[in-house]
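Peer 1: Per the numbering used here, the sequence shown starts with residue 25, numbered consecutively. We put the beta carbon where it would ideally sit given N, CA and C, even for glycine.
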Amino acid sequence: MAARRKAPLGHEYVYGNAARVMEPAEKEKRQKQRPARRKVVSYTVWRNQEKALHMNLPYVIMLTLAVFCVLVICVNYLHIQSDISTRLANIEKLEKGVEQLKAENDALETRINTSIDLDYIYKVATEELGMVYANRNQVRLYDKTESEYVRQYEDIPKE
């Protein structure tokens with residue numbers, strides 16, 4: 025049998041190797057007597073939890089305004105994204121049209137160039153119209169300045 029000894033503050037110590045078996049009713053009674061233990065948290069964490077649970081009118085209004093602003097920004101973003109996509113599709117369509125017009129222009133130029141018989145033009149110019157090629161002293165060279173074409177405001181000098 026285990027020896028019992030009085031401890032200070034009215035508690036008893038039991039020495040020995042056999043612990044007594046508690047009845048289920050006794051366990052429930054002890055659990056009810058013991059206050060529920062809370063996890064040990066720091067004061068700042070506890071204070072933040074308390075603040076999070078406390079929602080007043082200005083907080084709700086501010087939160088509502090923030091959600092509204094985010095919603096407006098998202099709608100504007102989607103509108104701009106749609107506008108950009110539409111413009112890109114339009115640019116692609118116009119680029120295809122330009123390429124098609126260039127191809128048609130090149131085809132017409134080739135057809136015009138092949139339809140002109142330069143030998144016939146030379147024959148008519150020299151035999152029927154009496155034209156001749158210019159001599160070296162009759163040719164004057166002109167250097168281009170800023171633009172790619174020349175505007176003639178005066179008569180060309182005879183010399």
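Per DSSP, what kind of secondary structure is residue 89 in: helix, strand or coil?
Peer 2: It is helical.
Peer 1: Got a sec, what are the start and stop residues for the alpha helix (DSSP H) residue 141 sits in?
Peer 2: Here residue 141 belongs to no alpha helix (DSSP H), and DSSP marks it neither H nor E.
Peer 1: Quick check on DSSP: helix, strand or coil for residue 179?
Peer 2: In the structure shown, residue 179 sits in coil (DSSP, three-state: anything other than H, G, I, E or B).
Peer 1: Using the C-alpha atoms, what's the distance from residue 120 back to residue 160?
Peer 2: If you take the alpha carbons of residue 160 and residue 120, they lie about 48 Å apart.
Peer 1: Tell me the rounded alpha-carbon separation between residue 126 and residue 105.
Peer 2: Going from the Cα of residue 126 to the Cα of residue 105 covers about 32 Å.
Peer 1: Measuring straight from C-alpha to C-alpha, what distance separates residue 87 and residue 122?
Peer 2: Near 52 Å, if we compare the C-alpha coordinates of residue 122 and residue 87.
Peer 1: Could you tell me the distance, in whole angstroms, from the CA atom of residue 134 to the CA atom of residue 143?
Peer 2: Rounded to the nearest angstrom, the two C-alpha atoms are 18 Å apart.
Peer 1: For the alpha helix (DSSP H) containing residue 71, name the first residue and the last one.
Peer 2: Here the alpha helix (DSSP H) through residue 71 covers 67–77.
Peer 1: What is the rounded straight-line gap between the Cα of residue 98 and the Cα of residue 124?
Peer 2: About 39 Å.
Peer 1: When the Cα atoms are used, what is the spatial distance from residue 81 to residue 91?
Peer 2: Looking at the two C-alpha atoms, the distance is approximately 15 Å.
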